[in-house]
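Just below is one structure, and these are the notes that go with it.
If you want it as structure tokens, here you go:
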């Protein structure tokens, strides 16, 4: 039996490498989104801390400057939160883009694998046909030899 050689194996290998690269890019985009979400969560916690501090300042003796500084800090945190929300949205878009690229690359790889499977099936059919032909030739030769031996002994 001869060895199966897929003539487009180098393309299939390239598809595997492209898929691995797309997986790494997707993972990097996922990490970035996670980092941006963590930053947003941290900003929310800081804002909550400032709000709690503001409540304490208003309960104690009125320190107008401290209350104003606290209010400005809260407003600034709100601005930071809005900017961070934009960063999270950008990271989500990048993640979705990388997910689509990964999906496309995976589909291309699967197509190449299907082509390889079909080529292997065709190879196996061809090999089975060759084997059947050789068996038929062997049976015919053996039958012919026996027939000649019987004819010669009569």
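Residue numbers (the working numbering): -10 to 143. Even glycine gets a Cβ: it sits at the ideal position worked out from N, Cα and C.
Could you give the first and the last residue of the continuous alpha helix (DSSP H) run that contains residue i?
i, result
"residue 9", "-2 to 48"
Do residue i and residue j have their CB atoms nearer than 8 Å?
i, j, result
"residue 77", "residue 41", "no"
"residue 12", "residue 91", "yes"
"residue 73", "residue 28", "yes"
"residue 80", "residue 34", "no"
"residue 8", "residue 95", "yes"
"residue 70", "residue 32", "yes"
"residue 87", "residue 15", "yes"
"residue 82", "residue 36", "no"
"residue 4", "residue 101", "yes"
"residue 63", "residue 39", "yes"
"residue 59", "residue 46", "yes"
"residue 108", "residue -5", "yes"
Check the C-beta distance from residue i over to residue j and give it rounded, since I have them as a contact under 8 Å.
i, j, result
"residue -3", "residue 104", "7 Å"
Original post:
What are the complete alpha helix (DSSP H) segments, minimum 4 residues, inside the region 45 to 75?
Top reply: none
**OP:** Entirely within the region 69 to 143 and at least 3 residues each: give me those beta strand (DSSP E) ranges in chain order.
**Re:** Counting only runs of 3 or more, we get nothing.
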